[in-house]
Amino acid sequence: MGVGIEVRGLNAWYGKHLALKSIDMTVPANHVTAVIGPSGCGKSTFVRCLNRMHETIPEARADGLVKVGEMEVYGDGTDPVEIRRRIGMVFQKPNPFPTMSIYDNVAAGLRLNGFRNRKQLDELVERSLKLSALWDEVKDTLHKKSGASLSGGQQQRLCIARSLAVEPEVLLMDEPASALDPISTSKIEELIFQLKQHYTVVIVTHNMQQAARVAELTGFFLMGSLIEYDKTEKIFTTPADKRTEDYITGRFG
Amino acid sequence: MPKQPGDASTQQVSLWRRFMNQAANVFAVSAAVLVIVPLVVIFIYLVWKGVGSLNWAFLTQTPKPPGELGGGMANAMVGSAVILALASAVGIPMGIGCGIYLAEYGRDRFGDLVRFTADVLNGVPSIVIGIAVYSLIVLRQKHFSAFSGGIALAIMMIPTVARATEEMLLMVPNNVREAALGLGIPKWRTTLSISLRTASAGVITGCMLAFARVAGETAPLLFTAFGNQYWNMNPNQPTAALPLQIYTYALSPYDDWHRQAWAGALILIVMIVAAVAAVRIATTRGALKGAS
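Below, the structure written as structure tokens:
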């Protein structure tokens, strides 16, 4: 089951540059929440702060309160590795492990954390590939083909399956469909819709139609600040802020 | 076929352009041939001179006393294998470890220092490394040994393996590392099981290059392994090695030894090629369809 996310006063820096300015946001469990905004507004930085991927970039740091379920993401003594195990992430560019088979890609997160039970591993791999709607396309070549041999859209669904296999509570998606063709995109969107039964999903997107299609809630970021955050319908029909309106009507960005 | 944009003009390739295209082709092919020719000539020459002295005795016997006909280099072949195994067992793990440090952590002044040191070490003449190991190990132990020869060759392997590992790891796209970290895989695990595995083909090539390079080294073994006319299986004792044996035989006044030196050189080349080929076959057998 998914859990909710509480963000209070989150700041993030790249060196001396303040990229996120005191963000407050409450993401409800088992919903899809979209984060939109022009390039460089901090939306990717925001989701990368939720699972402490932000700090893997040299000179990048963040502070503030982030609670995922009962877990304090930036608490003293919180292990970032443990956080990332419970908060899965799907990246903009499909990034399967190139030298691993399809099966090994999905099993990687479990195996490299010491999971050894072959039978359970088989089941988890099958379940994850079914959840990500890839099973039927790859079930005959699981061990024979490399993850890198799949098409771009299949690779992205493989990456989603890989994230799901470690059974996270939250799934962060950083523009998961921006490198894909329209058919693959619609498959991913359908999938996101299914996933919210089991997970809390936060999706960054460049594409406003996509936000409108998949998300119940939408937040609009501009220059490192969260300008407006409301029901998706409200954001796209009667936004409260002039800047949101300018952005969604295509006046800038 | 429907009409394509620019149909009319594309058919008229000027004579000059065709000529230049041919000229560039000829240049590239002849450059490639020029590179291969010396290698092929050396190999053919070795086979021609060496194959006549190859026989069962050469492969199974130890050298005969000077002036006597017959005998072989069996002890030198085994000695070379032992010394190279020692060198690889020390040099490859240390080189790979150093390369991992340089690629994954060494983005600071200390990393630059290590990188610079490795490049300098790579350029140090092999005889200097031999003398250094001689004074550090052989003089203290008061005897020559396969062990000290292995150390001398290992020192020569480390910089090559380290820089190759570093370069191959830096070629692993960062998003592959991010994918692993994002799954909650600890950094050390990510480095060993994801980054190094992704880079493994290149790292293995680097190790093979280093191996092939030191396999033919004579100078560092002169003061360390020293050579031996008899069987010796104790790595703590003076040990024969093919390059040493070839050197001694080639400089001797005996025709039979000259012929045996050619055979030894041929065996050395065959051993190196066989080792490299075996590693290649072993590492590509498990490769997947479409893996990059």
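Protein chains in written order, with my numbering: chain A, 5 to 257; chain B, -18 to 273. Just so you know, even glycine gets a beta-carbon here, dropped at the ideal spot from N, CA and C. For clarity, every value in this text was computed on a predicted model and none was experimentally measured.
Cβ pair A:V208, A:M177 closer than 8 Å: yes
Alpha carbon of B:P208 to alpha carbon of B:G53, nearest angstrom: A small fix is needed here, since residue 208 of chain B is Gly in this sequence, not Pro. So the two alpha carbons sit approximately 14 Å from each other.
Buried versus exposed, by CB contacts within 10 Å (16 or more), B:V22: exposed
8 Å Cβ cutoff met for A:G206 and A:L54: The residue you asked about is not Gly; residue 206 of chain A is Val in the sequence shown. Closer than 8 Å, so yes.
Backbone CA spacing between B:G92 and B:Y86 [nearest angstrom]: 8 Å
Proximity winner among B:A221, B:N6 and B:G76, relative to B:M138 (alpha-carbon distances): B:G76
Endpoints, beta strand (DSSP E) assigned at A:E74: Taken as a continuous stretch (DSSP letters only), A:E74 belongs to no beta strand (DSSP E), as it is neither H nor E.
Contact with chain B by A:V142, beta-carbon distance below 8 Å: no
Member of A:A38, A:S153 and A:G92 whose CA lies at the smallest distance from the CA of A:E232: A:A38
Residues in the segment 88 to 102 of chain A having any Cβ partner in chain B nearer than 8 Å: R88, R89, R90, G92, M93, F95, K97, N99, P100, F101 and P102
Chain A residues whose Cβ lies nearer than 7 Å to that of B:R178: T103
Coarse secondary structure for B:T199, derived from DSSP in three states: coil
Buried/exposed call for A:D108, threshold 16 Cβ in 10 Å: buried
Three-state class that DSSP yields for A:I61 in the structure shown: coil
Stretch-stretch touch, CB-based, cutoff 8 Å, three pairs: the segment 157 to 174 of chain B with the segment 114 to 132 of chain B: no
Neighbour-count burial assignment, B:W169, 16 or more Cβ in a 10 Å radius: exposed
Complete alpha helix (DSSP H) runs within the segment 87 to 143 of chain B (minimum length 4 residues, chain order): 90 to 104 and 107 to 114
Residue-level contact to chain A via CB, B:S126, 8 Å cutoff: no
Any chain A beta carbon closer than 8 Å to B:E85: no
Per DSSP, cross-strand counterpart(s) of A:R88: Answer is none; A:R88 lacks a bridge partner.
Residue span of the beta strand (DSSP E) that contains A:V129, given as start and end: Note, A:V129: premise wrong, no beta strand (DSSP E); alpha helix (DSSP H) at R122 to L135.
Continuous alpha helix (DSSP H) assignments of at least 4 residues falling wholly in the segment 210 to 240 of chain A: 212 to 218
Given B:E147 as reference, the closest of B:M252, B:I185, B:L120 and B:V14 once Cα atoms are compared: B:I185
8 Å Cβ shell around B:W37 - same chain, five flanking residues per side excluded: none
Short CB-CB distance (under 8 Å) between A:G73 and chain B: no
Burial state of B:G104 (16 or more Cβ within 10 Å): exposed
Under 8 Å by beta carbon: chain A residues contacting B:L151: What B:L151 touches in chain A: nothing, since even the nearest Cβ is about 14 Å away.
Within 8 Å, strictly: CB atoms of A:V51 and A:E173: no
Min CB distance B:G163 to chain A below 8 Å: yes
Host beta strand (DSSP E) of A:V208 (start-end): T204 to V208
Identity of the residue in B:T229, B:A221, B:T171 and B:A145 nearest B:F192 by Cα: B:A145
Residue burial classification, A:V170 (beta-carbon count within 10 angstroms, cutoff 16): buried
A:V94 beta carbon less than 8 Å from that of A:L175: yes
C-beta atoms of B:P216 and B:L202 nearer than 8 Å: no
Alpha-carbon spacing of B:P219 relative to B:V18, whole angstroms: 38 Å
Residue range of the beta strand (DSSP E) that includes A:T30: H21 to V31
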